Each structure stands twice: as structure tokens, then as C-alpha cells.
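For reference, the structure is listed below as C-alpha cells.
Protein chains: 2
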Amino acid sequence: MSEHDDAGRGDESADGRESRGQRTRLALQNAALRLLEGDKSFSSLSLREVAREAGVVPTAFYRHFADMKELGLTLVDETMHTLRDALQAARAQSRENTLGDAVASLARQVQTQHLHFCFIARELYGGRSAMRQAIRHEIDLFVRELALDLSRHKETENWSAEDLQMMASMLINILIATAEQMLEAPTRRPQAENAVIETAEKQLRLIALAAPHWKSAGR
Amino acid sequence: MSEHDDAGRGDESADGRESRGQRTRLALQNAALRLLEGDKSFSSLSLREVAREAGVVPTAFYRHFADMKELGLTLVDETMHTLRDALQAARAQSRENTLGDAVASLARQVQTQHLHFCFIARELYGGRSAMRQAIRHEIDLFVRELALDLSRHKETENWSAEDLQMMASMLINILIATAEQMLEAPTRRPQAENAVIETAEKQLRLIALAAPHWKSAGR
Numbered sequence: 001m002s003e004h005d006d007a008g009r010g011d012e013s014a015d016g017r018e019s020r021g022q023r024t025r026l027a028l029q030n031a032a033l034r035l036l037e038g039d040k041s042f043s044s045l046s047l048r049e050v051a052r053e054a055g056v057v058p059t060a061f062y063r064h065f066a067d068m069k070e071l072g073l074t075l076v077d078e079t080m081h082t083l084r085d086a087l088q089a090a091r092a093q094s095r096e097n098t099l100g101d102a103v104a105s106l107a108r109q110v111q112t113q114h115l116h117f118c119f120i121a122r123e124l125y126g127g128r129s130a131m132r133q134a135i136r137h138e139i140d141l142f143v144r145e146l147a148l149d150l151s152r153h154k155e156t157e158n159w160s161a162e163d164l165q166m167m168a169s170m171l172i173n174i175l176i177a178t179a180e181q182m183l184e185a186p187t188r189r190p191q192a193e194n195a196v197i198e199t200a201e202k203q204l205r206l207i208a209l210a211a212p213h214w215k216s217a218g219r
Numbered sequence: 001m002s003e004h005d006d007a008g009r010g011d012e013s014a015d016g017r018e019s020r021g022q023r024t025r026l027a028l029q030n031a032a033l034r035l036l037e038g039d040k041s042f043s044s045l046s047l048r049e050v051a052r053e054a055g056v057v058p059t060a061f062y063r064h065f066a067d068m069k070e071l072g073l074t075l076v077d078e079t080m081h082t083l084r085d086a087l088q089a090a091r092a093q094s095r096e097n098t099l100g101d102a103v104a105s106l107a108r109q110v111q112t113q114h115l116h117f118c119f120i121a122r123e124l125y126g127g128r129s130a131m132r133q134a135i136r137h138e139i140d141l142f143v144r145e146l147a148l149d150l151s152r153h154k155e156t157e158n159w160s161a162e163d164l165q166m167m168a169s170m171l172i173n174i175l176i177a178t179a180e181q182m183l184e185a186p187t188r189r190p191q192a193e194n195a196v197i198e199t200a201e202k203q204l205r206l207i208a209l210a211a212p213h214w215k216s217a218g219r
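First to last, the protein sequences are chains A and B. Mind the numbering: the first sequence is residues 1 to 219 in our numbering, read in order. Mind the numbering: the second sequence is residues 1 to 219 in our numbering, read in order.
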């Protein structure tokens, strides 16, 4: 096994080598994401396959990741970053603008970060439990943050903590279902995607209509 | 390869053999479902593994299924049957009783048909596209039937077809998310399951509150 069949080790000091190493690392991550866009789940990917798709020899893989598990958890980290950004942006929009803007903001992120969202959708239900739990944990954090946002709204300020949580989880579930349906829409048909987005916007508006009529138990 | 290492062929006429064949077929289906309860996706299961779990030799597999793909599609059929029954029961409850009864009815089905629902949740997002499409198709049919139900309700009778569809898909998405969260709840902890069910019930009640306040465009 040659030590020099690919980009240099990340811990070497020469800048050129470092950035080449970085590039290979990214190439491996992107190769895995591309392979997952089709019908495969992460657990059925082989190290050899990922290396081949990235255009490097299998031994080069080990300079960047200890094993496939480490690559998988790195992808969870990366894609969770994307999910967090997308939900933060949607949340900011819903605070400052309309719910429609929030949905549109999420939709833009799903479109530009297509591979990341494919990975999340696949692994949230189909993946190994370590990944599933990492994703689920991130979503739970988000539900809690959104519940806090809601508690500052006039329509929901008197709700119990439990009911704010119930509302927040419903809103997040709608956003997740929307992202999933966008991913399933016939590839890149803007019409189909728009219909999904429009439906989600209506669903959020419908729920907003209910808020003033809800009474939390004992309040 | 022996022809007689397992239960008889399904097309033999002796009743004993036929039912033994039937039993092996079911054993293979159940073996696959059990293997999928863990972290595996169907596409990563091998024929050998399924046969071993079912306690038969690999050649016996071929008397019942042409290949793993045929077994997979049989499982989609079977589990879709379960899903249809569960949604039908929930729909009947929501017509005759409260929304809470509808959720409770679905929850009972998820509990008793745990393996079937694990399979559906896994394959709906993580599976091969043929299976994903089969499940998605079944859900779409259901959304349409539910939209028809809704059109007969007083609160929604003046809604546009598009808006009835929007409402129905939201209700079904909530039921699906509920089933998924029940499956993810710490194994068989009734408390965690109950919390999920209670939240879903509130979400449906909240949406029902909004219905009388919604105006379809142009109506």
C-alpha cells in the first residue's frame, strides 16, 4: 500500500498538501452523498464504492476517516448544519414576515442543498439508529426553540408549555413532510415542487387560524 | 441441491404439503420483517440471511419467491394491507366518533402490527424507489378518500377540491408522523407512546378548530 497515492495527510504543514487533503476529504463526503441520492441507504454503501466514486484508492480513505461509521457521523454533522440553517432561516422569516415566506425560505434551502436533504430524509427513518438518533435529537432541539418563539406570540402567550410544544412539533412535522415531498417530486419539475410548497403554506395558514381558538387545559 | 429439504411446493395438491409450503412462505416473510426491525434496510438484506432467520435452506427460498425483489414487493403488499386497514379504521372512527378515537384506533394498529409499521416507515424514505412509490401511491389514494369524506362535513363542505386535499394530506401526515414517533419511542414504554398519542390527538383537535374559519379562494 503506497502512502503517497493520493493527497497528503491533513496534519502535514505544507499548505498545498493540507488543502489537497481537505479536498479529498470533501470529495469522499460528496461521493457518499451522490451515491445515496439513488436507492441506496448508507448502511449498504461500501468503503470501496465511495473511494471509487471520489476517484481515490481505498487506502486514501483511511487518511481521512477511521471507517465508514466515522464518515457517516461526519455526514450527519454536515447535514445537520444545513438543516439547522434552513430551520433558523424559516424561523426568522416566520417572526418577521409571513408563514408563506418561512415555507419559501425552507424550499430554497431544500433546492440548493438537495443532496443534504436527501441524506437526512433517508437516514431519519431508514438509517442506522445512531444516525437516526442524531437527526431526531436535532429536530427535538428545534421544536423546543420554536415553542419558545411561539410563547412570545400574542395568540399563544397563554398556552401551556405542553401545548406550545405540541404546536411546534406539528409545524416542524409539516416542514419535514414538505421537504420530503419536494425530494420525491419528479426530479426538478418546478411545477410539482411549487404545488408542494403552496400546500404547505396553506397548511401553516390554516393552523395559524386555529391558534386564537385553542384553550390550554386549566387556563 | 435437494428438492426435498423443506416444505413441499405450493402447487402440489396434498393439503398437508400445501399448508406447509404456506407456512414456509410466511416464515420467510416474517424473518425478513424481523431482520428489518433493527438497523437494516431491505436492500441490505441477503437471501441467505433471510433463509437462515426463517430456519430453511437457501434453495427453499426459491420455491416461494423468484428473488429478493419479489419478497420485497410481497412485503409491500402485505404491509399496505395493514396500513389500509389502520387508516380505514381511523377514518371510520373520525366519522362516527371523535378525532381522539381515530388516533387511538391508529395507535392500536401500530402497536399490534409493530413489524409491519416498522417496515413501512423504513421503506417509505429509506427504501428502493419501487417500494417507496408503492407506499406513496397507497398514501395518495388515502388522502383522496379522506378528502372526499371531508367534503361531506358541514365545516368543510364549501371548500375547494384543492383545499380539501390540502387538509386531508395534513391529517394523514400527522397520523404518519405519529406512527413513526411511536416506533421510535423507547421500546414498548407505554408512557412515551401515550405522550405521542396525546400530542397527535391535540394536533387533530387544533386543526378541527381552524376549519370553520378557513375560506377557500373565490368562495
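No residue lacks a Cβ here, since even glycine has one placed at the ideal position from N, Cα and C. Model, not experiment: these values are computed from the prediction.
Residue i versus residue j: straight-line alpha-carbon distance, rounded
i	j	result
A:R136	A:L124	7 angstroms
A:L73	A:R63	16 angstroms
B:L28	B:G21	11 angstroms
A:S129	B:D77	26 angstroms
B:H81	B:R144	17 angstroms
A:G38	A:A217	47 angstroms
A:I207	A:A168	11 angstroms
A:T224	B:R108	For chain A, the structure presents residues 1 to 219; residue 224 of chain A sits outside this window and is missing.
B:E184	B:E49	25 angstroms
A:A177	B:S19	43 angstroms
A:D85	B:Q93	40 angstroms
B:D149	B:A211	14 angstroms
B:S151	B:L26	40 angstroms
B:E180	B:E157	31 angstroms
B:M170	B:R205	13 angstroms
B:F142	B:M166	13 angstroms
B:L75	B:E138	14 angstroms
B:A51	A:S41	22 angstroms
B:A104	A:E201	28 angstroms
A:L47	A:M131	18 angstroms
A:Q88	A:L146	9 angstroms
B:V196	A:Q203	21 angstroms
A:R189	A:F119	20 angstroms
B:A54	B:M182	27 angstroms
A:G100	A:F117	20 angstroms
A:T199	B:V57	50 angstroms
Classification of residue i by the beta-carbon crowding that lies within 10 angstroms, buried from 16 upward
i	result
B:D163	buried
A:Q242	It is not possible to answer for residue 242 of chain A, since the shown part of chain A is limited to 1 through 219.
A:Q133	exposed
B:K154	exposed
A:N194	exposed
B:N173	buried
A:R9	The predicted model places A:R9 with a pLDDT of 44, which falls under 50 and marks its position as unreliable; any figure quoted below should be read in that light. A:R9 comes out exposed.
B:R95	exposed
A:S160	exposed
A:L83	buried
B:A66	exposed
A:K215	exposed
A:T112	exposed
A:L175	buried
B:E70	exposed
For residue i, the first and last residue of its enclosing alpha helix (DSSP H)
i	result
A:T227	Summary: the structure shown does not reach residue 227 of chain A, with chain A confined to residues 1 through 219, and so no result is reported for it.
B:A134	S129 to S151
A:E157	A:E157 -> no alpha helix (DSSP H), and no H or E assigned at all.
A:F61	P58 to F61
B:Q203	P190 to A210
A:L47	L47 to A54
Test: residue i CB closer than 8 angstroms to a CB of chain E
i	result
A:A177	Absent from the structure: chain E. Protein chains present are A and B.
Cβ-Cβ separation, residue j to residue i (assumed contact under 8 angstroms), whole Å
i	j	result
B:L45	B:L33	Wrong, their Cβ atoms sit about 10 angstroms apart, outside the cutoff.
B:A90	B:L106	5 angstroms
A:L209	B:H213	5 angstroms
A:T98	A:A60	Not a contact, Cβ separation roughly 49 angstroms.
- Members of the region 181 to 198 of chain B that neighbour chain A once the beta carbon cut-off is set at 7 angstroms: Under the 7 angstroms Cβ criterion, the region 181 to 198 of chain B contributes E184.
- Closer than 7 angstroms, Cβ to Cβ, to anything on chain B: give me those residues from the region 205 to 219 of chain A, in chain order. Going along the region 205 to 219 of chain A in chain order, one finds L206, I207, L209, A210, H213 and W214 with a Cβ nearer than 7 angstroms to chain B.
- Message: If the cut-off is 9 angstroms on Cβ atoms, which residues from the region 160 to 173 of chain A count as contacting chain B, listed in chain order?
- Response: For the region 160 to 173 of chain A, which is checked against every Cβ of chain B, the residues closer than 9 angstroms are E162, D163, Q165, M166, M167, S169, M170 and N173.
- Chain-ordered residues of the region 39 to 51 of chain B with a beta carbon less than 8 angstroms from chain A: For the region 39 to 51 of chain B, which is checked against every Cβ of chain A, the residues closer than 8 angstroms are D39, K40, S41, S43 and S44.
- Query: Along the region 104 to 115 of chain A, what residues have a CB closer than 7 angstroms to any CB found in chain B?
  - Reply: Correct list: empty, as no residue qualifies.
- Residues from the region 68 to 80 of chain B in contact with chain A, defined by Cβ distance under 7 angstroms: So nothing in the stretch comes that close.
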